[in-house]
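Data first, discussion second: the structure below is written as structure tokens.
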Amino acid sequence: MPDSITGPELLAPAGSLAMLDTALAFGAGAIYAGQPRYSLRARNNDFGKLDALAQGIERTHALGRKLYVVSNIYPHNAKLKTYLADMAPVIALKPDALIMADPGLMLMIREAWPEMPIHLSVQANTVNHAAVRFWRQAGVSRVILSRELSLDEIAEIRQECPDTELEVFVHGALCVAYSGRCLLSGYFNHRDPNQGTCTNSCRWDYKLNPASVEDSGDVQSCGGTALGNAPQDKVWLLEEGTRPGQLMPIEEDEHGTYILNSKDLRAIEHVQRLVEIGVDSLKIEGRTKSPYYVARTCQAYRRAIDAAVAGRPLDPRLLGELDGLASRGYTGGFYERHPDREHQNYLRGHSESGRSLYVGDLLGYGADGLAEIEVKNRFARGDRLELIHPAGNREVTVSALHNAEGAAIEVAPGSGHRVHLALPPGLEGAFVARFLEPDRG
Numbered sequence: 012m013p014d015s016i017t018g019p020e021l022l023a024p025a026g027s028l029a030m031l032d033t034a035l036a037f038g039a040g041a042i043y044a045g046q047p048r049y050s051l052r053a054r055n056n057d058f059g060k061l062d063a064l065a066q067g068i069e070r071t072h073a074l075g076r077k078l079y080v081v082s083n084i085y086p087h088n089a090k091l092k093t094y095l096a097d098m099a100p101v102i103a104l105k106p107d108a109l110i111m112a113d114p115g116l117m118l119m120i121r122e123a124w125p126e127m128p129i130h131l132s133v134q135a136n137t138v139n140h141a142a143v144r145f146w147r148q149a150g151v152s153r154v155i156l157s158r159e160l161s162l163d164e165i166a167e168i169r170q171e172c173p174d175t176e177l178e179v180f181v182h183g184a185l186c187v188a189y190s191g192r193c194l195l196s197g198y199f200n201h202r203d204p205n206q207g208t209c210t211n212s213c214r215w216d217y218k219l220n221p222a223s224v225e226d227s228g229d230v231q232s233c234g235g236t237a238l239g240n241a242p243q244d245k246v247w248l249l250e251e252g253t254r255p256g257q258l259m260p261i262e263e264d265e266h267g268t269y270i271l272n273s274k275d276l277r278a279i280e281h282v283q284r285l286v287e288i289g290v291d292s293l294k295i296e297g298r299t300k301s302p303y304y305v306a307r308t309c310q311a312y313r314r315a316i317d318a319a320v321a322g323r324p325l326d327p328r329l330l331g332e333l334d335g336l337a338s339r340g341y342t343g344g345f346y347e348r349h350p351d352r353e354h355q356n357y358l359r360g361h362s363e364s365g366r367s368l369y370v371g372d373l374l375g376y377g378a379d380g381l382a383e384i385e386v387k388n389r390f391a392r393g394d395r396l397e398l399i400h401p402a403g404n405r406e407v408t409v410s411a412l413h414n415a416e417g418a419a420i421e422v423a424p425g426s427g428h429r430v431h432l433a434l435p436p437g438l439e440g441a442f443v444a445r446f447l448e449p450d451r452g
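In the numbering used here, the protein residues as written are 12 to 452.
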């Protein structure tokens, strides 16, 4: 990936140095990472170690890119006591900005390090241009806008606030509440989303059971259990998969139920409009995801941004490439109420033809010239593979497979195995995906 990058910043997540290196190789202009104690990702996060954060900043700056340190919890008093002492060595590493949400922490940073740039986290739920002006006056240089805004609302904010950098999310998980303000995780597991320990309770396996309301106002399940008062006649009982028999009354209207999980955000079809609006940074969610995830998303959105800047239309095949990632299904979120006909065409057909499944990592080549693959998911002789590499992707068909002992095999059975096959040279470090044929899935 060339170091000269134009257009709005592509901001990628990193929960490890491997993710960071992958994001930079596949076109990210900036990285965001955070320490578990003070950011909203306490799990799958290697940057709790200061030396890992130091390496990440050094590697990013060596390429002329930027790294932002996430410090966006809403802390209780206990964390205030340790905050400045813990942040001092972080500030000494010279990150390009801190991503923050809590005004108290911002004040502490301002008093201790007045020159440190601050970006306002999406946790602050900024939804209008008056709020953007407020935060600008408070010394914030960039505002990460709430996910609940439409494209037209973002355009209005851009027009009213020309002196403030704006950042928006374009891909990743969507919270069912205003970012992080959900009580489900705390209710079920006593783990607070705003302290970085969300268990994603909205994504668990729930079932809806019909119920009726008795004359007393109690909710009566089909099994005869009374469950307290109901606010209206039309009610359902919610049952979480690991808590059988614990039925919770909820409401459902013509728009659906509001406690269940959202689809994931995919706004690649809106990149051109966001570029035209003048948004400064397009952000990918997913610090707890894999290097494969960040490779796929960075590569796709890098191409979409480059096309938009050059005045070219979006390549619809990019939607299919993103469909190869594990997701809850995709939605355009709040950006646009109804996709236009052109986008509807993007959303049909192209994604099915380009769908793929991550099946392995290309570790290197042996003396015999065969590539060694660390298998992640099953693939077989005759399958069509895609090799995802920063220098460009390649498609090949598996003509022969060999196990670690050199014996011919028909199938690479799955995770924990290594296999050898003939692949084009020079693709060390490539991610390997299998195209999903319509009749096989």
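Quick reminder that beta carbons are idealized off the backbone N, C-alpha and C, glycines included.
query, result
"Please report the straight-line C-alpha distance between residue 123 and residue 99, rounded to a whole angstrom.", "9 Å"
"Over what stretch of residues does the beta strand (DSSP E) that includes residue 49 continue unbroken?", "Unbroken run through residue 49: none, as it is neither H nor E."
"Taking only runs that begin and end inside the segment 109-162, name each unbroken beta strand (DSSP E) of 3 or more residues, in chain order.", "129-131 and 153-155"
"Are any of the Cβ atoms in chain D nearer than 9 Å to that of residue 183?", "Going by chain labels, chain D is absent from the structure shown, which holds only one protein chain."
"Using the beta-carbon count (16 or more within 10 Å), is residue 163 buried or exposed?", "exposed"
"Check whether the Cβ atoms of residue 300 and residue 24 sit closer than 9 Å, and answer yes or no.", "yes"
"Counting beta carbon pairs with one atom in the segment 367-374 and one in the segment 412-419, are three or more of them shorter than 8 Å?", "no"
"Less than 8 Å between the CB atoms is what I'm expecting for residue 93 and residue 35, so what's the real figure, rounded?", "In fact, because the Cβ distance is near 31 Å, the residues do not count as touching under 8 Å."
"Let me make sure I understand the geometry here. Which of 315, 298 and 250 has the alpha-carbon closest to that of residue 280?", "315"
"Tell me, which residues are paired with residue 408 by DSSP?", "395"
"For the alpha helix (DSSP H) containing residue 334, list its first residue and its last residue.", "328-334"
"Three-state secondary structure (DSSP) at residue 267?", "Low confidence applies to residue 267: its pLDDT is 46, below 50, so where it sits in the model is not reliable enough to give any reading."
"When the distance is taken between beta carbons, is residue 442 closer than 9 Å to residue 398?", "yes"
"Is the separation between the beta-carbon of residue 168 and that of residue 150 shorter than 9 Å?", "no"
"DSSP has residue 104 in a bridge; who is on the other side?", "In DSSP, residue 104 forms no bridge with anything."
"Looking at C-alpha atoms only, which residue of 81, 276 and 120 is the closest neighbour of residue 96?", "120"
"Pick helix, strand or coil for residue 385, following the three-state DSSP scheme.", "strand"
"Got a sec, what are the start and stop residues for the beta strand (DSSP E) residue 305 sits in?", "Segment 302-321 is the alpha helix (DSSP H) holding residue 305; no beta strand (DSSP E) there."
"Below 9 Å between beta carbons: does that hold for residue 57 and residue 91?", "no"
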